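Protein chains in written order, with this note's numbering: chain A, 350 to 471; chain B, 350 to 471. We put the beta carbon where it would ideally sit given N, CA and C, even for glycine. Fair warning: this is a prediction, and the values are worked out from it, not measured in the lab. Have a look at the structure below before the remarks.
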DNA sequence: AATTATGTTATAGTAGGACTGGCACAAAAG
DNA sequence: CTTTTGTGCCAGTCCTACTATAACATAATT
């Protein structure tokens with residue numbers, strides 16, 4: 350799985366790492382049980398510091414996307430805490446949809462976007 | 350329109366201001382043409398610095414939610430750049446839905462959330 | 001047994017953003 | 001004229017992001 354960092358982005362590097370890994374899981378580019386490069390290895394190939402990768406991995410672990418195994422590195426292991434995820438998603442959606450509503454974006458247009466994104470999952 | 354700041358939140362104050370004003374517009378608590386308190390006034394009532402309010406207003410202006418009028422203060426004036434908003438919303442949704450998909454949240458559950466939020470708009 | 005690679009922790013430094021504070025200005029309102 | 005407005009500049013504090021170096025115990029490799 351290819352990971353690319355935009356150093357000119359205003360998004361923190363560890364957030365970019367997080368999001369790309371999460372999207373990689375959603376896209377089935379990496380699956381349950383697969384392992385990600387080690388902290389040092391990924392830091393080296395991407396060209397960033399070890400601690401930055403470690404922070405991304407730590408957060409992914411805390412949020413229940415990976416399990417850190419000393420033998421196999423960072424192993425994809427998603428816990429299914431839907432309740433918590435639904436609550437967080439609702440908070441995020443509330444702000445996102447409010448912005449859209451101000452700009453006259455209809456519910457149907459939102460649904461169209463969701464459909465488009467789900468279609469990307471093949 | 351009541352504005353409340355959570356000083357213990359990890360969200361920046363000016364972001365909280367932005368979001369509350371945007372949600373205020375979406376909820377019809379404030380409407381096109383209405384004006385918000387002046388920079389100094391709002392800063393005073395909320396108990397924060399003038400420059401923090403100014404930053405929130407400046408961003409809202411740049412994002413096309415208000416117009417700054419020296420006579421009337423910050424006037425609600427939403428520009429309808431749907432194309433840009435749809436692009437931004439899609440980027441945000443991509444990350445949000447990826448998280449959900451990893452946690453086995455179905456498209457139908459997402460739609461249910463959207464319905465719930467739209468129902469809040471009365 | 002020795003070497004290497006791993007996750008993890010500690011400490012320290014730099015850079016930038018967030019927030020506050022004070023001051024000042026021109027423009028508009030009263 | 002006086003007050004209030006948005007705006008700009010400069011300075012200072014605090015926190016986060018990122019880097020850098022070092023150290024450690026554990027585990028895989030040789």
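Check, Outcome
"Rounded distance between the beta-carbons of residue 435(B) and residue 445(A), thought under 8 Å", "Going by Cβ atoms, the distance from residue 445(A) to residue 435(B) rounds to 12 Å, so no, they are not a contact pair."
"Neighbour-count burial assignment, residue 421(B), 16 or more Cβ in a 10 Å radius", "exposed"
"C-beta contact flag for residue 427(A) and residue 418(A) at 7 Å", "no"
"Option in 438(A), 452(A) and 448(A) with minimal Cα separation from residue 431(B)", "452(A)"
"Below-7 Å beta-carbon distance, residue 426(A) vs any chain B residue", "no"
"Identity of the residue in 393(A), 377(A), 465(A) and 383(A) nearest residue 353(A) by Cα", "393(A)"
"7 Å CB neighbourhood of residue 367(A) in its chain, flanking five on each side removed", "405, 408 and 409"
"Option nearest residue 455(B) by Cα separation, candidates 466(A), 456(A) and 458(A)", "466(A)"
"Of the residues 460(A), 360(A) and 402(A), the one placed nearest residue 390(A), counting alpha carbons only", "402(A)"
"One or two residues paired with residue 309(B) in a DSSP bridge", "Not covered by the structure: residue 309(B). The range shown for chain B is 350 to 471."
"The alpha helix (DSSP H) enclosing residue 461(A), as first and last residue numbers", "456-468"
"Which of helix, strand or coil DSSP assigns to residue 351(B)", "coil"
"As assigned by DSSP and simplified to three states, the class of residue 387(A)", "coil"
"Own chain partners of residue 459(B) with C-beta closer than 6 Å, once the 5 adjacent residues on each side are dropped", "none"
"Residue 430(B): contacting residues in chain A (beta-carbon distance under 8 Å)", "452"
"Identity of the residue in 350(A), 415(A) and 365(A) nearest residue 357(A) by Cα", "365(A)"
"Below-7 Å beta-carbon distance, residue 415(A) vs any chain B residue", "no"
"Residues from the segment 350-381 of chain A in contact with chain B, defined by Cβ distance under 7 Å", "368, 371, 372, 374 and 375"
"Contact under 7 Å by Cβ, residue 350(A) with residue 379(A)", "yes"
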